[in-house]
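Trainee: Would you mind keeping the following structure in view while I ask a few things?
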Amino acid sequence: MDVPAAISVPIHLAQLRPHAIGTVAKVEWDRLAEPEARRLRELGLDEGVEVELLRRSGLFGGPLACRIGRMTVALRRHVAATIHVALPAEAA
Amino acid sequence: MNATPLVALVGNPNAGKSALFNALTGARQKVGNYPGVTVERHSGRMALPDGRPIELIDLPGAYSLDPASPDEQVTRDVLLGRQQGERLPDAILTVVDASNLDNHLRFTLQLIALGLPIVVALNMVDLAERDGLKLDPEALERELGVPVVATVAVRRRGLDALKARMAEMVKGVAKIRPSAGVQHDIVLLQRRARQIATAVTLSETAARRWTHRLDALFLHPVAGPLILLATMFLMFQAVFAWSEVPKGLIEDGMAWLGSEIGAALPDGVLRSLIIDGVIAGVGAVVVFLPQILILFVFILVLEATGYMVRAAFLMDRVMASVGLSGRAFIPLLSSFACAVPGIMATRTIADEKDRLTTILIAPLMTCSARLPVYTIIIGALIPDRALLPGIGLQGLVLFALYVLGVVGAFCAALVLRRTVTRGATSGFMMEMPKYQWPRLRDVLLGLWQRALIFLKRAGTIILYTTVILWALLSFPKPPEGSGISKVDYSIAGRIGNGLQTIVAPIGFNRDMALALIPAMAAREVAVAAIGTVYAIDNADDDKGKASITQQLQAHWSLPSALAFLMWFVFAPQCISTIAVTRRETNGWKWPAFMIGYLFALAYVAAGITYWSAVGLGL
Ligand SMILES: Nc1nc2c(ncn2[C@@H]2O[C@H](COP(=O)(O)OP(=O)(O)OP(=O)(O)O)[C@@H](O)[C@H]2O)c(=O)[nH]1
Ligand SMILES: [Mg+2]
Chain A
1 MDVPAAISVP
11 IHLAQLRPHA
21 IGTVAKVEWD
31 RLAEPEARRL
41 RELGLDEGVE
51 VELLRRSGLF
61 GGPLACRIGR
71 MTVALRRHVA
81 ATIHVALPAE
91 AA
Chain B
93 MNATPLVALV
103 GNPNAGKSAL
113 FNALTGARQK
123 VGNYPGVTVE
133 RHSGRMALPD
143 GRPIELIDLP
153 GAYSLDPASP
163 DEQVTRDVLL
173 GRQQGERLPD
183 AILTVVDASN
193 LDNHLRFTLQ
203 LIALGLPIVV
213 ALNMVDLAER
223 DGLKLDPEAL
233 ERELGVPVVA
243 TVAVRRRGLD
253 ALKARMAEMV
263 KGVAKIRPSA
273 GVQHDIVLLQ
283 RRARQIATAV
293 TLSETAARRW
303 THRLDALFLH
313 PVAGPLILLA
323 TMFLMFQAVF
333 AWSEVPKGLI
343 EDGMAWLGSE
353 IGAALPDGVL
363 RSLIIDGVIA
373 GVGAVVVFLP
383 QILILFVFIL
393 VLEATGYMVR
403 AAFLMDRVMA
413 SVGLSGRAFI
423 PLLSSFACAV
433 PGIMATRTIA
443 DEKDRLTTIL
453 IAPLMTCSAR
463 LPVYTIIIGA
473 LIPDRALLPG
483 IGLQGLVLFA
493 LYVLGVVGAF
503 CAALVLRRTV
513 TRGATSGFMM
523 EMPKYQWPRL
533 RDVLLGLWQR
543 ALIFLKRAGT
553 IILYTTVILW
563 ALLSFPKPPE
573 GSGISKVDYS
583 IAGRIGNGLQ
593 TIVAPIGFNR
603 DMALALIPAM
613 AAREVAVAAI
623 GTVYAIDNAD
633 DDKGKASITQ
643 QLQAHWSLPS
653 ALAFLMWFVF
663 APQCISTIAV
673 TRRETNGWKW
683 PAFMIGYLFA
693 LAYVAAGITY
703 WSAVGLGL
C-alpha cells in the first residue's frame, strides 16, 4: 500500500529498516520499568538524538542492535517499541 | 594522619580506567574490551614527577552515581565515603572515551559537580582518530573548567602531561571536602554533555565504521550463532590438538626426573614420597599446563576483541527462555576459566534474583580445573579416531562434556527461576564496545599470570594434598608376604573402601571413591590422586612403571569412567567457589543450597550414565 509522503507515519525503532537513520521523536517512558528507563537514559537516549537500527531482532525475537548517538547498544524488542522515531521525509 | 593523597579513578565502563591505572602504577589489573571487567576496588601507588607518592584506586565503571548494580554501588560508596573503613578520596581522576564523548561527559559533569579536585583523562584519542573524529582538548578544558589531558592508556601516551596536572591537583587537597550533593537530573546533564561534545569536535570525516561492518557478520541471525558455535568448538578441539607436543615434552621431562631421582636415592620412604607422591601426583597435574594455556588464549582473545558482548547479544534469546538475560552469559563464559572470577563478575547484573541464579549455576560451567580430569580419562578410554578430517572423537567428547555443563546450567536456571529465585523477568540492555585487535602484550601477560597461578596451585595446595594422600596411602604397611594390597591396608584405602559403599550404586570403584575426597581441595588433585594410588599399589612390580593412561585402561571400565566424568560435570567440588558464593550472597544459606542441589544432580547423573552404559553393553 502506498502512503503519501506528506503524511508522517508514527514508526518505532523496532520497525525501522536496517541502516535507516532517524531522530528520536518521543519515548514512552511510562511504559518502561523505572530501572530500565533510567539505564536507557544513561545510555544516552533522549528526544532529538540520532538513532540507527543496525540489526533487527531475528526470527525468534532476540534483542536488536542500534546506534544511539555514537554508542552501539543492544536492546530488547519491547524496549525498542517505546522509542518513536522521526525519519527524514525521503526515507519514510 | 596519612599524608599520601588518595585519588579515585572513575568513569564510564570500558573507558580505559584499568589500562590507565596499570600504566600509572605498574600494576597488572585485568583489562578487557567489554563493560564490567573491574568489579572491585583495587589500590596501587604511583609517583608524581617530583617523586611524591599518590595512592590511586581503580574502581568499577559506572554510568552515574545512582548505581544500578552491585559493582556500580562499590564506585558510589567509595566516592562518597560510604565504604566502611575506607578513607574518602581526596581527588578524582576521571577517564572518558574520546570516541564516545557525548555520553561519557555526562558522568564527568556529575563528578565535577561533586566539588572535589578533578582531572579529566581524554582517553582513546587514537580510536577517535580511527573514527575520523578530531577533538580539541583545550576547548574541552575551557568548557568543563577543569584540567583535561589527552591520553592513549594502552600506548602510555600523554602520561607525563597527566602526571603534571595531577601534581597540581593534589597540591591543595585535604582542605576541600565535597560541598555539593549529587546532581541526579541525568537528562539535563546529558543535554549539556552533548552540547559540549559538539563544541569541542573540530571535524568529523565520514568514518570507516569497521565495527558496524563486522557486526553485520557477527550479529547476523544465521551466521552469528554459527560463528559462535564454531568458535567454541574450535576452542575445545584446539585444547586437544595443539597441546600434544608440549604435553609430550613435559611428560618426558617428568619421566626423566623420576628415573634420575629413582637412581640417585636409596630405596625407602623418601624415595617413595618423591617418586610416588610428588612426581606421580603433582607431575600428573603440571602436564596439563599447555592445555590450560590454550584455553586461555581463546578466552583472552575473546575478551580483548569485544566479541564477549556480541556473544551475550546472540545468547540473549536463549537466556531469556530460562529466565536470565544475555548479560549473564559473560560471567558464565568467564567461568570456563574459573567459577570464582565468574561469580565475582555477576556483580554487573542489576537484578538481584537474576544475579543469584547466575551465581548458583556458575559452578556448572566447566572450569579449567576439570580439564585435566576430563582429558586424562578421555585420553585413556575414548579411542583417538578422527571422525572427519580435523575433528577428533576425543575433542568431540570433550566438547560434549562442556555442552552438557551448559545445558545442565540452563536447565537448573529454568527450575530455579520458577522456584527459589522467582521474580520479575529481567531486561537486557548493554553497550557494545568497538572491536579492537587484541594486544599481543596483554594476551601474553594474561597467559603468564595464568601459568603462574596454575603452577603456584600445583606447588602448594595440589602438592600438600598429594603428600597427605601419599602418607595416608602408604601407612600402615601390610605385613610382609601377606599378599594384601598396600592400598587396601592403608588408612586412605580403608576410607576409600568405606566411601565406596555410598558410590558403588553409581558404578564407582575404590580408586574413584578415593579420588573424590582430595578433589574437594582442588579438582585437579583427582588426577594426582589416581596417579599416586596406582604408583603405590604397583611400586614393586613392572606395572608400576606404566603411565596413568595404561593404569586407567587396566582398572577402569568404560561405564564407570563415564559415570566418573558425569560426576565431575555436576559435583560442587571446590572450596574456593563455595567461599566466594558465601561472600557474594552474605551468608551460608545459598552456598548450602548450591552444594545440596549440585551433589544431588551429580549423583543422579552419574548413576543414570553408569546404568545406561552397562545396559547398552559398553
Ligand atoms: N585503542 C585504545 N584502547 C584502549 C585505550 N585505553 C584502554 N583501551 C582498551 O579499552 C578496553 C577497556 O579498557 P579497560 O582498562 O579494561 O577499561 P575500564 O574502564 O577499566 O573498564 P571497566 O573495568 O569495565 O569499567 C581494553 O580493551 C583496553 O585495551 C586507549 O587509549 N586506546
Ligand atoms: Mg577496569
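The listed protein sequences correspond, in order, to chains A and B. Counting from 1, one number per residue, gives the positions in the first sequence under my numbering. Counting from 93, one number per residue, gives the positions in the second sequence under my numbering. A virtual CB, placed ideally from N, CA and C, is assigned to each residue, including glycine. Since the structure is predicted, the reported quantities are computational estimates derived from the model, not experimental observations.
Can you find at least 3 beta carbon pairs, one from the region 598 to 607 of chain B and one from the region 356 to 368 of chain B, that sit closer than 8 Å?
Mentor: no
Trainee: Just how far apart, CA to CA, sit R462(B) and A289(B)?
Mentor: 50 Å
Trainee: Using 7 Å as the cut-off, classify the Cβ of D150(B) as near or not near the heavy atoms of ligand 2, replying yes or no.
Mentor: Checking every heavy atom of ligand 2 against the Cβ of D150(B), one is found closer than 7 Å.
Trainee: Which class does I474(B) belong to by DSSP, given the choice of helix, strand or coil?
Mentor: coil
Trainee: Let me see if you follow: with CB-CB separation under 8 Å, is L135(A) close to chain B or not?
Mentor: As displayed, chain A neither begins before 1 nor continues past 92, which places residue 135(A) out of reach and without an answer.
Trainee: How many whole angstroms separate the CB atoms of A231(B) and A285(B), which I take to be in contact at a CB cut-off of 8 Å?
Mentor: With 8 Å as the limit, A231(B) and A285(B) do not qualify as a contact, their Cβ atoms being about 14 Å apart.
Trainee: Please confirm whether A81(A) and H12(A) have their CB atoms less than 8 Å apart.
Mentor: yes
Trainee: What are the boundary residues of the beta strand (DSSP E) that includes D534(B)?
Mentor: Careful: D534(B) lies outside any beta strand (DSSP E), inside the alpha helix (DSSP H) at L532 to R549.
Trainee: Flag V24(A) as yes if its beta-carbon sits less than 8 Å from any beta-carbon of chain B, otherwise no.
Mentor: no
Trainee: Looking at the structure shown, is R17(A) part of a helix, part of a strand, or coil, going by DSSP?
Mentor: coil
Trainee: Give me the Cβ distance between R509(B) and G415(B), rounded to the nearest whole Å; I'm assuming they're in contact under 8 Å.
Mentor: 3 Å
Trainee: Let me know if H443(B) comes out buried or exposed under the rule of 16 or more other beta-carbons within 10 Å of its beta-carbon.
Mentor: A quick correction: the sequence has Asp, not His, at residue 443(B). D443(B) is buried by the Cβ-count criterion.
Trainee: To be precise: take each residue of the region 506 to 524 of chain B, compare its Cβ to all Cβ atoms of chain A, and keep it if any distance is under 7 Å. Which residues remain?
Mentor: G519, F520, M521, M522, E523 and M524
Trainee: Can a CB atom of chain A be found closer than 8 Å to the CB of N106(B)?
Mentor: no
Trainee: Could you work out which residues of chain B lie near A65(A), taking near to mean beta carbons separated by less than 7 Å?
Mentor: D307, L311, F405 and M524
Trainee: May I ask you to check if the CB of P159(B) is nearer than 7 Å to at least one heavy atom of ligand 1?
Mentor: P159(B): no, Cβ never under 7 Å from ligand 1.
Trainee: In chain order, what residues of the same chain have a beta carbon less than 6 Å from the beta carbon of C430(B), not counting five sequence neighbours either side?
Mentor: Excluding residues within five positions, the ones whose Cβ falls inside 6 Å are C459.
Trainee: State whether the region 375 to 393 of chain B contacts the region 334 to 345 of chain B, with contact taken as three or more CB pairs (one from each stretch) at a distance under 8 Å.
Mentor: yes
Trainee: For chain A, is any of its Cβ atoms less than 8 Å away from the one on G418(B)?
Mentor: Between G418(B) and chain A, the shortest Cβ-Cβ separation is below 8 Å.
Trainee: Among the candidates A403(B), D580(B) and K445(B), whose CA atom is the shortest distance from the CA of S426(B)?
Mentor: Here the closest residue by C-alpha is A403(B).
Trainee: Consult DSSP for S135(B) and reduce its assignment to one of helix, strand or coil.
Mentor: Per DSSP, reduced to three states, the secondary structure at S135(B) is strand.
Trainee: Given I576(B), which residues of its chain have a CB within under 7 Å of its CB, disregarding the five upstream and five downstream residues?
Mentor: P570
Trainee: Cβ-heavy atom distance between S426(B) and ligand 2 below 7 Å?
Mentor: no
Trainee: Among T593(B), K122(B) and L112(B), which one has its Cα closest to the Cα of W540(B)?
Mentor: K122(B)
Trainee: Give a single yes or no on whether T297(B) has its beta carbon closer than 7 Å to a heavy atom of ligand 1.
Mentor: no
Trainee: Around the C-beta of N125(B), are 16 or more other C-beta atoms found within 10 angstroms, so that it is buried, or is it exposed?
Mentor: buried
Trainee: Can you list, in chain order, the residues of the region 182 to 196 of chain B whose Cβ is nearer than 8 Å to any Cβ on chain C?
Mentor: The structure shown has no chain C; the protein chains it does contain are A and B.
Trainee: Indicate whether the contact test is met: 3 or more Cβ pairs, each with one atom in the region 183 to 190 of chain B and one in the region 201 to 218 of chain B, closer than 8 Å.
Mentor: yes
Trainee: Measuring only from the beta carbon, is S364(B) closer than 7 Å to any heavy atom that is part of ligand 3?
Mentor: No copy of ligand 3 appears in this structure; the ligands present are ligand 1 and ligand 2.
Trainee: At a cut-off of 7 Å, is T130(B) close to ligand 2 when judged by its beta-carbon and the heavy atoms of the ligand?
Mentor: yes
Trainee: Got a sec: does ligand 2 put a non-hydrogen atom nearer than 7 Å to the Cβ of G136(B)?
Mentor: no
Trainee: From this set, M658(B), I210(B) and Y155(B), which residue's C-alpha is nearest D277(B)'s C-alpha?
Mentor: Of the residues M658(B), I210(B) and Y155(B), the one whose Cα lies closest to the Cα of D277(B) is Y155(B).
Trainee: Can a CB atom of chain A be found closer than 8 Å to the CB of Q528(B)?
Mentor: no
Trainee: CB-CB under 7 Å to V102(B), same chain, minus the five flanking residues each way: which ones, in chain order?
Mentor: Cβ within range, chain order: L151, T167, L171, I184, T186 and L203.
Trainee: Is the region 244 to 262 of chain B in contact with the region 548 to 555 of chain B, if contact means three or more CB pairs nearer than 8 Å?
Mentor: no
Trainee: Give the residues from the region 9 to 43 of chain A that approach chain B closer than 8 Å (Cβ to any Cβ), ordered along the chain.
Mentor: A33, P35, E36, R38, R39, L40, R41, E42 and L43
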